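Enquirer:
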């Protein structure tokens with residue numbers, strides 16, 4: 001019998017049975033999803049081909065002037081954060097277990113400030129409760145702050161120099177000081193009238 005006659009004599013689905021396994025294997029291969037490699041914020045980075053001169057990119061990287069703009073910049077390209085590790089937040093609070101609680105867009109997270117690698121740019125509130133580290137804000141916390149534009153400043157049980165107090169309070173509208181001493185370079189206490197004088201935006205002052 002000729003080959004064509006033998007094929008014609010087979011059932012209608014006979015010719016397709018031998019190809020089903022191959023088709024199944026092919027479909028399974030097509031359905032395999034290759035996992036995407038996750039890139040972490042502190043992972044490898046590469047400078048982008050931006051339509052600006054390197055001198056301009058270096059300037060905005062090393063001298064950011066607006067917290068919201070800087071936050072969007074580091075979210076769009078981690079090259080900028082890798083070159084200048086500044087993290088903008090709305091609120092910084094010290095907790096009873098000597099940790100930093102950072103708040104941004106309603107999201108809060110606690111960190112051990114001794115192991116926190118970045119510098120902070122605080123925009124709204126800086127709160128040091130009375131249960132936190134006493135008299136150590138100047139030596140432990142302020143060195144980690146890049147810029148402080150807070151409108152609300154609350155310091156309890158602290159001894160702080162006049163220069164560092166000025167650094168924290170340049171934009172303050174509401175200030176609360178409880179058993180907190182602001183000192184001159186010679187160790188003398190800064191009078192209240194001088195403190196109020198350096199707060200041009202102050203609206204409420206609680207002592």
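In the UniProt record's numbering, the protein residues as written are 1 to 207.
Don't be surprised by glycine CBs; every beta carbon is placed ideally from N, CA and C.
Values in this document were obtained by computation on a predicted structure and should not be read as measured data.
1) Leaving aside the five residues before and after residue 192 along the sequence, list all residues of the same chain whose C-beta is less than 8 Å from its C-beta, in chain order.
2) For residue 193, report the span of its alpha helix (DSSP H) as first-last.
3) Given a threshold of 16 other Cβ atoms within 10 Å of its Cβ, counted over all protein chains shown, does residue 177 qualify as buried or as exposed?
4) Of the residues 76, 144, 173, 70, which one's Cα is nearest the Cα of residue 197?
5) Have a look at residue 190 and residue 181 and give me their C-alpha separation to the nearest angstrom.
6) Exposed or buried, what is residue 67 when buried is set at 16 or more other beta-carbons lying within 10 Å of its beta-carbon?
7) What span of residues does the alpha helix (DSSP H) with residue 82 cover, start to end?
8) What residues in its chain sit with their C-beta under 6 Å from that of residue 183, if we drop five residues either side in the sequence?
9) Counting only runs that start and end within the segment 132–157, where is the beta strand (DSSP E) found for 3 or more residues in a row?
10) Which residues mark the beginning and the end of the beta strand (DSSP E) in which residue 123 is found?
11) Using the beta-carbon count (16 or more within 10 Å), is residue 51 buried or exposed?
12) With respect to the alpha helix (DSSP H) encompassing residue 60, which residues constitute its N-terminal and C-terminal limits?
13) Let's see if you can read the secondary structure: which residues bound the beta strand (DSSP E) around residue 87?
14) Please list the terminal residues of the continuous alpha helix (DSSP H) segment that includes residue 163.
15) Just to confirm, is the Cβ distance from residue 146 to residue 86 under 8 Å?
16) Quick one: residues in its chain with C-beta nearer than 7 Å to the C-beta of residue 39, no 5 flanking neighbours on either side, listed in chain order?
17) Straight-line CA distance for residue 125 to residue 179?
Expert: In brief:
1) 207
2) 192–197
3) buried
4) 173
5) 8 Å
6) buried
7) 78–83
8) 161
9) 145–148, 152–156
10) 119–128
11) exposed
12) 54–62
13) 86–94
14) 162–169
15) yes
16) For residue 39, the pLDDT reaches just 43, beneath the cut-off of 50, and the residue's location in the model is therefore unreliable, leaving the point undetermined.
17) 19 Å
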